[in-house]
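Trainee:
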Amino acid sequence: MGLFEGKKGLILGVANDNSIAWAIAKEIMDQGGVCGFTHLPDRPDDERKRNHRRVAQVIKDNNAAKFLIPLDVQNDENIAEVMQTTGEHFGKIDFLLHSIAFADREDLNKDTIRTSREGFKLAMDISAYSLLAVANAADSILADGASIATMTYFGGEKAVPGYNVMGICKAALDAAMRYLAYDLGPRGIRVNALSAGPIRTLAGRAAGVDEMLKMYEHMAPLCRNVTHEEVGKAGAYLLSDMSNGITGEILHVDGGYNMMGSPGRLLDQLK
Ligand code: 0WD
């Protein structure tokens, strides 16, 4: 019997089949769970409905993918609609994945000191506040004992040049995750973050993932990067009963990179 047999949940943040959210959802559905999905709303003038079509294409062959609806986490009404639709389909849900981040490329490419006020607000709203907004709206449909997971990155714990304003957002997201874990703890609802090493995705490209992949290969104790599948399995673990005693935690799936105190084998290249 699969780990997710009889379990239902909501997956936020699939953009295409390279998305981390998809890697995690696939694992959950392979293990017997059923999922509802959201996509970024299409602009009214986009007759081809590209965002919808892109995600519909990804989920179409999977019987455990039950619905696909638009979600803009900057819009509280829209978040409420998504939770209502989810409740109508599933009743209570057992897991909720938040795998959403955004910053204007212009702000990401600036030194952090030059971050604009508007760019900061936008990045924080979509990448950090949205976890609180979504959890609050989902409150009444979360089953006791449910699990919430969000996607974070090491740039929120330490300065990672190039990650810039998104690092500040991830620090806020990590803190939001911990406070939510406290609030929801009495109902047995757990909230955790998965900190992935660099992965090639749409958002990853915007954050300059290629250089990071090279650096991780040299510095991570495992001497390689992590795969979509590895991140998928760890995400599914956090959302499953296998991690029942764990809340308010950041689980690093990064080949060990985060625990290094020096560049390690990368130093060999300087000799
Ligand atoms: O190396 C990486 N790729 C890592 C990503 C390493 C560690 C963490 N992460 C994090 C990201 O910061 C993010 O929080 O994982 C999460 C998912 O990122 P991803 O899978 O790399 O990126 P992607 O496939 O682009 O999905 C992120 C999605 C958006 O995609 P696009 O590219 O269309 O912006 O977040 C969603 C959207 O689907 N999103 C929104 N959803 C609802 N409302 C919004 C919004 N306003 N904005 C973005």
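Counted from 1, the sequence shown has number 955 at position 204 by this note's numbering; the numbering is strictly sequential. In this text, a Cβ means the ideal position worked out from N, Cα and C, and glycines have one as well.
#1: Quick one: grab the DSSP three-state call for Phe1052.
#2: Could you give the residue range of the alpha helix (DSSP H) that holds Asn767?
#3: For Met875, is the beta carbon positioned less than 7 Å from some heavy atom of ligand 1?
#4: For Arg865, is the classification buried or exposed, using 16 other Cβ atoms within 10 angstroms of its Cβ as the cut-off for buried?
#5: Exposed or buried, what is Cys786 when buried is set at 16 or more other beta-carbons lying within 10 Å of its beta-carbon?
#6: Please work out which residues of its chain come closer than 8 Å, Cβ to Cβ, to Gly757, disregarding the five sequence neighbours upstream and downstream, and give them in chain order.
#7: At a threshold of 7 Å, does Pro949 count as lining ligand 1 (C-beta to nearest heavy atom)?
#8: Quick check on Leu791: does DSSP put it in helix, strand or coil?
#9: Smallest Cα separation from Gly1013: which of Ala971, Gly764, Val977?
#10: Give me the Cα-Cα distance between Lys800 and Asp793, rounded to the nearest whole angstrom.
#11: Cβ of Phe871 versus every heavy atom of ligand 1: is any distance shorter than 7 Å?
#12: Name the residue from Leu931, Lys909, Phe905, Ala894 whose alpha carbon lies nearest to the alpha carbon of Gly842.
#13: By the 10 Å Cβ neighbour count, where 16 or more other Cβ atoms means buried, how is Tyr930 classified, buried or exposed?
#14: Between Phe905 and Leu945, what straight-line distance do the alpha-carbon atoms span, to the nearest angstrom?
#15: State the start and end residues of the unbroken beta strand (DSSP E) segment that holds Ser946.
#16: Looking at the secondary structure, which residues open and close the beta strand (DSSP E) in which Asp845 lies?
#17: Using a Cβ distance threshold of 8 Å, determine whether the region 808-817 contacts the region 828-838, with at least three qualifying pairs required.
#18: Using 10 angstroms around the beta-carbon of Gly939, count the other beta-carbons present and answer buried if the total reaches 16, otherwise exposed.
Mentor: Looking at the coordinates:
#1: As displayed, the chain neither begins before 752 nor continues past 1022, which places residue 1052 out of reach and without an answer.
#2: Segment: none, Asn767 is in no alpha helix (DSSP H) and carries neither H nor E.
#3: Closer than 7 Å to some heavy atom of ligand 1: that does not describe the Cβ of Met875.
#4: Label assigned to Arg865: exposed.
#5: Counting Cβ neighbours within 10 Å, Cys786 comes out buried, since at least 16 surround it.
#6: So the qualifying residues of the chain are Gly783.
#7: Placement of the Cβ of Pro949 at a distance of less than 7 Å from at least one heavy atom of ligand 1 is found.
#8: The three-state secondary structure of Leu791, taken from DSSP, is coil.
#9: Residue identity check: residue 1013 is Ser in the sequence provided, not Gly. Ranking the options by Cα distance to Ser1013, first place goes to Ala971.
#10: In a straight line, the C-alpha of Lys800 is about 6 Å away from that of Asp793.
#11: Phe871 has its Cβ no nearer than 7 Å to any heavy atom of ligand 1.
#12: The shortest Cα separation from Gly842 among Leu931, Lys909, Phe905, Ala894 belongs to Ala894.
#13: Tyr930 should be labelled exposed.
#14: A direct Cα-Cα distance of roughly 10 Å separates Phe905 from Leu945.
#15: Its beta strand (DSSP E) spans residues 941-947.
#16: For Asp845, the enclosing beta strand (DSSP E) starts and ends at 844-849.
#17: They do not touch, by the three-pair rule.
#18: Gly939 should be labelled exposed.
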